[in-house]
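To start, the structure itself, in structure tokens.
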Amino acid sequence: MVTPDLSAMRREYGATGLDDSEAGQDPLALVDRWLAEAVAAGITEPNAMALATATPDGAPSVRIVLLKSLDAQGAVFYTNYTSRKGTELAENPRAAAVLLWHDLSRQVRLEGRVAPVSAEESDAYFASRPPGGRISAQASPQSQVVAGRAELERRWEQAAASPDAGTRPDEWGGFRLVPEVFEFWQGRPNRLHDRIRFRANGDAWERDRLAP
Ligand SMILES: Cc1cc2nc3c(=O)[nH]c(=O)nc-3n(C[C@H](O)[C@H](O)[C@H](O)COP(=O)(O)O)c2cc1C
């Protein structure tokens, strides 16, 4: 296989802009609208977001998780609390996330602090997952080294046969990222993109525009 010429890859972005009146004063209303437009555009997994965490001494790590709810309380995703991200967040609750919708030339960045959701909220979401995924959450020691695929499958069979099959393990649940900063990026022609940032100030949001 020939390595693609990455330096020559270039896409011109569209004319759709993000002007101040469209941006409004409420980043939640804007992100809701952009999510709805991403869904309407048929984008695959429009709720996939890259989540960055860091160790207390600042070594970052990033991975994709699925955003499962977003409202004034924050952005919720589900994972294993003993995973790499889970342990990093337990020690350093600061996180950043980005949603990317290539086909709309848009990204949304979020920054803030993260805290576990209540056990009731995790239970409710866990119960909505298909049975096979519930068993995987019980069987998989996320981020630990395993001997091989066969070990994972053995663990899954064991979890499926256990009397607890399908119940939420204590180490699996939600985290809520409470955004202090949102940034909306809309790709524009000639790389003169729109960037609108909102920063929380008490109960209000301060909006400004950043150079692309
Ligand atoms: C599209 C996509 C969606 C994913 N969604 C989740 C998710 O919601 N929760 C999760 O824990 N991992 C999810 N993952 C797997 C993570 O990217 C990652 O491999 C896993 O959480 C372990 O990360 P960690 O070792 O940094 O904790 C997803 C991966 C992809 C590609």
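Under the numbering used here, the first residue of the sequence shown carries the number 3, and numbering increases by one thereafter. All residues carry an ideal CB built from backbone N, CA and C; glycine is no exception.
Item                                                                                                                                                                  : Value
In this structure, what does DSSP give as the bridge partners for Y80?                                                                                                : G176
Roughly how many angstroms separate the alpha carbons of E155 and A52, rounded to a whole number?                                                                     : 28 Å
Kindly provide the ranges of any alpha helix (DSSP H) runs that are 4 or more residues long and lie completely inside the stretch 56 to 104, ordered along the chain. : 86 to 93
Is any heavy atom of ligand 1 found at a distance shorter than 6 Å from the C-beta of R170?                                                                           : no
What is the rounded straight-line gap between the Cα of F200 and the Cα of L30?                                                                                       : 10 Å
Grab me the residues of E14's own chain with a C-beta within less than 7 Å of its C-beta, minus the 5 sequence neighbours each way, in chain order.                   : P191
Leaving out five residues on either side along the sequence, give the residues of the same chain with a beta carbon under 6 Å from the beta carbon of R157.           : A141
Mapping the DSSP letters down to three states, classify R157 as helix, strand or coil.                                                                                : helix
Out of D21, D7 and M3, which has the shortest C-alpha to C-alpha gap to D210?                                                                                         : D21
For S145, is the beta carbon positioned less than 6 Å from some heavy atom of ligand 1?                                                                               : yes
With distances taken Cα to Cα, identify the nearest neighbour of G60 among N82, I66 and A97.                                                                          : A97
Would you say the stretch 177 to 193 touches the stretch 126 to 145, given that touching needs at least three Cβ pairs under 8 Å?                                     : no
Could you tell me which of P181, G176, R193 and F128 sits nearest to A1, measuring between CA atoms?                                                                  : Residue coverage of the chain in this structure runs from 3 to 214, which leaves residue 1 outside it and unanswerable.
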